[in-house]
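If you use mature numbering (1 follows the signal peptide of the UniProt record, and there is no 0), the sequence shown corresponds to residues -27 to -1, 1 to 1007, in order.
C-beta: ideal position from N, C-alpha, C; glycine also.
If you're wondering where the values come from, they're calculated on a predicted model, not measured in any experiment.
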Amino acid sequence: SFISIENVLSFICLVLFIMLFSSPTIASASAEEAHALFKWKASLGSMNNSIQTSWTLPPNNATNSETSASPCTWFGVSCIDGTVNRLNLTSSGVKGTLHDFPFSSLPNLEYFELSVNALFGTIPPQIGHLSKLRYLDFSINQFSGTIPPEIGLLTNLETLHLIQNQLNGSIPREIGNLKSLSELALYTNNLGGSIPASLGNLSKLATLYLYENELSGSIPPEMGNLSNLVELYMDTNILTGPIPSTFGNLKRLTVMNLFYNQLSGPIPPEIGNLKSLQILSLQTNNLFGPIPASLGDMSFLTLLHLYSNQLSGSIPQELGNLKSLIDLELSENQLNGSIPVSFGNLSNLEILFLRDNQLSGPIPQEFGNLKSLVVLEMDTNQFSGSFPDQICQGGKLENFTLNNNRLSGPIPKSLRDCTSLIRLRLNGNQLTGSISEDFGVYPNLRFIDLSSNNFSGEISHNWGQCSRLTDLRMASNNISGSIPPQFGNSTQLKVLDLSSNRLSGEIPKEFGKLTLQKLFLNDNQLSGAIPLEFGSLTDLEILDLSKNKLGGSIPGIFLEKCLKLNNLNLSNNNFSERIPIEVGKLVHVSQLDLSHNWLTGEIPSQIRDMESLEKLNLSHNNLSGFIPGDAFEEMSGLFFVDISYNDLQGPIPDSKAFRDAPIEALQGNKGLCGNVTGLQPCSVRYKNTPKKSHHLILIIVLPLLGALLLLGAFIGLFIMFERRKGKPEDHEESDMQGEDLFSISTFDGKAMYYEILKATNNFDATCCIGNGGYGTVYKAELPSANIVAVRKLHPLSEIADRKGFINEVRALTEIQHLNIVKLYGFCSNAQHSFLVFEYLEMGSLATILSREKEAKELDWPKRVNIIKGVASALSYMHHDCSPPIVHRNISSNNVLLDSEYEARVSDFGTAKLLKLDSSNWSALAGTYGYVAPELAYTMKVTEKCDVFSFGVLTLEVIKGKHPGDLITSLSSSSADGIVLKEVLDQCLSPPSIEVEELLMFILKLAIACLHTNPQSRPTMQIVSQLLSSRAPPS
């Protein structure tokens, strides 16, 4: 034991001796690291307070200062044995470059983390000096340039993350030297070129993320050597060529995402060897050939996406072995044959898409076993036979589309009782049964289309109990009986189509309770009059009551109130009496058909006010008298007219529609004349009156005319004298009466011009409510149009493309959408030019969000509705207008709210309209903080610029303020790492679980809209559809 004690003492002495002589060396190395890091800190533009206060050196006069300086206690720095081995400055507000970073002075650095900062510039090649580095993360910064090949010298590296930067060039083949690498993440950059075959050398690699770049060329077969690979993400690139069969060697792979590329060739059967695979996404490529039966061997597979390819052949029955499958999507291919019966074994399946193929045969009865099914879309195929009896046995089915097939037979009881349904499309089949007995009450249903089938019976009053129903279509069936008045309880109904049936009786007056936008009752046997309650349908845009037995007069109150109408068809009925003068109120109607009725009297001159009218059919009535030529000559947009078979007489108007009209559109009248083939010239018919008649007329008319002129002169002189005496300040306005006034307006342009001058006191500053890049905005209260907003511009003479400007304004005045501020028109003369808009009393979204009290009024349901409204408006402008209109300046300042907090997008198209010269192009391309990044280098404005701005706006609505730097961190990321509570507006109460899920869904959409690659952003149509498909928060 004495010997053991002696050995221990000897060892302690040795250790103390080593420490005594090594301490100065360690301290010296630590001080060198401190000085090197401090020098880098001095080169940075900004950083958080923790770095600012802790990264300091002792004063020069401190005792032994050279050895006492140590970075080991600094923020983000960790040491082992007195030397720096870890530097973690994640999310530290660091802004600057790495050009002065002391790579050579940190020989023992193992962990280097700089993610989520504002670092820019290139990654220096000196990074290769960090030979002991095991973990490197420069993600979510603004690094540019290429990845230095010297990174291949870091042979101890296990993790390399360079995601969400602006790196370009190709992936250096030297990365293949990193034999210890287990994680390689380079996604969401601008990397191009081909994938280096040397990546196949990374035998320890477990995760490989290369998605959202611009990688091209074929996938190297050597990647099949990555035997430890667990996750492979190479989607959203420009990869071509086949999927390597060597991928069948990746036995540990759980995720393979290759979608959104240009891959071609067949799916290798070897993929079926991947027994651990859970997610296989190959959609949106150019893959062809059959679906390999071997895919049925992947028993852990939960998601299989093969849609939008060119796959052919039948669906292999082996897919029925995928018992873990939740999501199966094979749409938009060329698949044929029948659905395998084995699909009935997919007990966990929630989503099944087979739409837009060439599949045929019956739908297997075994589909009744799919009790977890939520979405089933199989439309646009050739399916025949009847429905499976237990199609909704699980009670979870929400979205079911089988339209445009060849199905027949009745609706099964399970579908009648399927209360979970939200969207149902069965149109375009040969289904039979009773419309009243085969459908139940669906409390969640929003959209149903049963059109073009063989349903019969009467419409059940149960439809009035579907409280969320917005769209009901039953056209082209054999439905009889009357329309139930209980429809008046469906207060959410926007579209109702009961056309082409055998309905009889009167139109229910309860329709007046609804907020319908489109109503189709044409081609039935309805009788009675148009209910006066139709005057309450102020949102109505399309009304078709043609081909019925309706009678009585056309109610003027209905025409006067339904000012949003753009298509009105009352033809082939028994309407009588005169055309109401209120027809002139329909300033947005482009098509008016009153033909085949018993209308009498003259064509009202007020028709001149229908400035949007393009097609007019008044044929086959009893109209008489002269055609109001001056009215039609003002209607420049009218290109088709049919007045045949009436009792009209006199000259036809000198307008394009009449000049181009064929004789068939004018014939059948008793005395029309004009310069049209088939009509007698007016010079013959109306100039052959006897000379005596002329003399008699002159004897009578001339004295009367002279007396009237004399009286008029006295009255005129008296008025002028009184005006000059009483209101000398009106002299300027009087002078303007003689000047040319140009206007495009839904009202009387001339009257509106002078009303605005008067209401704004000649644009006095006291009436100003805002200033912007496009002019000053005034509030004007008009007697003819309530309150309007007036944007005063440069005079029209200063606009280079005057004709283009006028055409653009005319197009914008025709826009009709709930979520777009209405442009009433444009007025211009030498003194003033201005645009006239609808006035919204709540003001802009930006103003409301900036005021705490008003922001609290915007609860989560209102904010969600605002986001939906803006999306709907942009979708309309991008996809429903021809040509499409790009907003160019979406921001919270340009979203106004009405009294119901409904969003209205303003200044649509104004930026483009007001492009006075090329010098202000960039200034008119958007608001700082909302502008898409590509505008910095392309200067090309597209719809995708609006999509980016919408993403920013959505974040602003959720966060309660502009997201600022959060945009950069989200602009190409997923929402997986986002904590929703950190993004929510703290001035509101936390949302419920249901609302929280919806907000998370919206956040993901916003992030998709912020993608740095414009082509990777969704269209606004897709965004709007996705938002509309989600249940509104309660």
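*Give the DSSP-derived three-state secondary structure of Glu705 in the structure shown.*
Along the sequence shown, read from residue 1 onward, the residue named residue 705 stands at position 732. Interpretation of Glu705 is limited by its pLDDT of 31, a score under 50 that renders its predicted location unreliable; no figure is taken from the coordinates.
_Classification of Lys522 by the beta-carbon crowding that lies within 10 angstroms, buried from 16 upward_ = In the sequence shown, counting from the first residue as 1, residue 522 sits at position 549. Classification for Lys522: exposed.
_By the three-class DSSP mapping on this structure, what secondary structure does Pro663 have?_
Taking the sequence shown and counting its residues from 1, the one referred to as residue 663 is at position 690. Only weak support is given to the placement of Pro663: the predicted model assigns it a pLDDT of 37, under 50, and the value that follows is read from those uncertain coordinates. It is coil, neither helix nor strand.
*What do you reckon, are the CB atoms on Ser249 and Leu226 nearer than 9 Å?*
For the purposes of this step, residue 249 is taken as residue 276 along the sequence shown, with counting starting at 1. For the purposes of this step, residue 226 is taken as residue 253 along the sequence shown, with counting starting at 1. Their beta carbons are under 9 Å apart, which means Ser249 touches Leu226 by this criterion.
_Neighbourhood of Leu943 by C-beta, 6 Å cutoff - its chain only, sequence neighbours within 5 removed_ = One-based indexing of the sequence shown puts residue 943 at position 970. Result list for Leu943: Ile980, Leu983, in chain order.
*With which residues is Gln355 paired in a DSSP beta bridge?*
Start at 1 with the first residue of the sequence shown, and residue 355 comes out as number 382. Paired residue(s): Ser333.
*Would you check if the segment 318 to 331 and the segment 284 to 297 touch, i.e. whether three or more CB-CB distances between them fall below 8 Å?*
yes
*Out of Thr511, Asn163, Leu499, which has the shortest C-alpha to C-alpha gap to Gly525?*
By 1-based counting over the sequence shown, the position of residue 525 is 552. Nearest option by C-alpha distance: Leu499.
*Leaving aside the five residues before and after Ser609 along the sequence, list all residues of the same chain whose C-beta is less than 6 Å from its C-beta, in chain order.*
Mapped onto the sequence shown, residue 609 falls at position 636. If we look at Ser609 and ignore the five residues flanking it on each side, it has no Cβ neighbours.
_Please classify Ala15 as buried or exposed, where buried requires at least 16 other C-beta atoms within 10 Å of its C-beta._
As a position in the sequence shown, residue 15 is number 42, starting the count at 1. Exposed, since its Cβ has fewer than 16 Cβ neighbours within 10 Å.
*For Leu645, does the count of other Cβ atoms within 10 angstroms reach 16, so buried, or fall short, so exposed?*
Locating residue 645 in the sequence shown gives position 672, counting from the first residue. Buried, since its Cβ has 16 or more Cβ neighbours within 10 Å.
*Closest by CA to Glu555, which one among Leu538, Asn547, Gly245?*
On the sequence shown, residue 555 is found 582 positions in, with the first residue counted as 1. Nearest C-alpha to Glu555: Leu538.
*How should Tyr901 be labelled, buried or exposed, when 16 other C-beta atoms within 10 angstroms of its C-beta is the threshold for buried?*
Taking the sequence shown and counting its residues from 1, one reaches residue 901 at position 928. With fewer than 16 other Cβ atoms within 10 Å, it is exposed.
*In terms of residue numbering, what span does the alpha helix (DSSP H) encompassing Cys982 cover?*
Counting from one through the sequence shown, the residue named residue 982 turns up at place 1009. Here the alpha helix (DSSP H) through Cys982 covers 966 to 982.
*Thinking just about the alpha-carbon of each residue, which of Ser272, Asn862, His8 is nearest to the one in residue 1009?*
Summary: the structure shown does not reach residue 1009, with the chain confined to residues -27 through 1007, and so no result is reported for it.
_Where Ala844 falls: helix, strand or coil (DSSP)_ = Reading the sequence shown from its first residue, position 871 is the one you call residue 844. Of the three classes helix, strand and coil, the one that applies to Ala844 here is helix, per DSSP.
*Using the C-alpha atoms, what's the distance from Glu970 back to Leu957?*
For the purposes of this step, residue 957 is identified with residue 984 of the sequence shown, where counting begins at 1. For the purposes of this step, residue 970 is identified with residue 997 of the sequence shown, where counting begins at 1. Spanning the two alpha carbons is a distance of roughly 13 Å.
*Note the first and the last residue of the continuous beta strand (DSSP E) segment covering Val925.*
One-based indexing of the sequence shown puts residue 925 at position 952. Element bounds for Val925: not the beta strand (DSSP E) but the alpha helix (DSSP H), 916 to 932.
_Report the start-end ranges of each alpha helix (DSSP H) in the segment 518 to 577 that is 4 residues or longer and not cut off at the edges._
529 to 534
*asked:* Counting beta carbon pairs with one atom in the segment 748 to 767 and one in the segment 815 to 825, are three or more of them shorter than 8 Å?
replied: no
*Run through DSSP, which three-state label would residue 1011 get?*
Since the displayed the chain opens at -27 and closes at 1007, residue 1011 lies outside it and no answer follows.
_Nearest neighbour of Gly641, chosen from Thr650, Ser617, Leu652 [CA to CA]_ = If you number the sequence shown from 1, residue 641 lands on position 668. Among Thr650, Ser617, Leu652, the Cα nearest to that of Gly641 is on Ser617.
*In chain order, what residues of the same chain have a beta carbon less than 8 Å from the beta carbon of Ser568, not counting five sequence neighbours either side?*
Residue mapping note: residue 568 aligns to position 595 of the sequence shown, counting from 1. The answer, listed in chain order, is Ser544, Asn545, Asn590, Leu591, Ser592, His593, Asn594, Asp615.
*Identify, in the order they occur along the chain, each residue of the same chain with its Cβ nearer than 8 Å to the Cβ of Ser200, setting aside the five sequence neighbours on each side.*
For the purposes of this step, residue 200 is taken as residue 227 along the sequence shown, with counting starting at 1. The answer, listed in chain order, is Ser176, Asn222, Leu223, Lys224, Arg225.
*DSSP-derived helix/strand/coil call for Tyr903*: Taking the first residue of the sequence shown as position 1, residue 903 is located at position 930. If DSSP states are grouped into helix, strand and coil, Tyr903 belongs with coil.
_Pair within 9 Å by beta-carbon distance, Phe340 and His278_ = By 1-based counting over the sequence shown, the position of residue 340 is 367. By 1-based counting over the sequence shown, the position of residue 278 is 305. For Phe340 and His278, no; Cβs fall outside 9 Å.
*asked:* Taking the alpha carbon of Gly238 as the reference point, which residue from Ile252, Thr213, Thr219, Leu247 has its own alpha carbon closest?
replied: As a working note, residue 238 is residue 265 in the sequence shown. Nearest C-alpha to Gly238: Thr213.
*Can His76 and Thr95 be called in contact, C-beta distance under 9 Å?*
Taking the sequence shown and counting its residues from 1, one reaches residue 76 at position 103. Taking the sequence shown and counting its residues from 1, one reaches residue 95 at position 122. The residue asked about is misnamed: residue 76 is Phe in this sequence, not His. For Phe76 and Thr95, no; Cβs fall outside 9 Å.
*Candidates Leu126, Leu127, Gly166: closest to Gly142 by CA position*: Here residue 142 refers to the residue found at position 169 of the sequence shown. Ranking Leu126, Leu127, Gly166 by Cα distance to Gly142 puts Gly166 first.
_So, at 6 Å on beta carbons, what are the nonlocal neighbours of Gly401 in its own chain, with the 5 sequence-adjacent residues on each side left out?_
Counting from one through the sequence shown, the residue named residue 401 turns up at place 428. Here the set comprises Asn376, Asn377, Ser425.
_As assigned by DSSP and simplified to three states, the class of Arg581_ = Walking along the sequence shown from the start, residue 581 turns up at place 608. Arg581: helix per DSSP, three-state reduction.
*Note the first and the last residue of the continuous alpha helix (DSSP H) segment covering Thr95.*
Against the sequence shown, residue 95 aligns to sequence position 122. Where Thr95 is concerned, there is no enclosing alpha helix (DSSP H), given that its DSSP letter is neither H nor E.
_Mapping the DSSP letters down to three states, classify Arg446 as helix, strand or coil._
In the sequence shown, the residue the question calls residue 446 occupies position 473. Strand.
_My output table needs one value for Arg990: the three-state DSSP class, helix, strand or coil._
Taking the first residue of the sequence shown as position 1, residue 990 is located at position 1017. Note: Arg990 maps to coil in three-state DSSP.
*Apart from the five residues on each side of it in sequence, which residues of its chain come closer than 8 Å, Cβ to Cβ, to Asp464?*
Locating residue 464 in the sequence shown gives position 491, where the first residue counts as 1. According to the sequence shown, residue 464 is Thr rather than Asp. Only Ser440, Lys486, Leu487, Thr488 meet the Cβ criterion.
*Do the segment 140 to 154 and the segment 119 to 129 touch if we need at least three Cβ pairs shorter than 8 Å?*
yes
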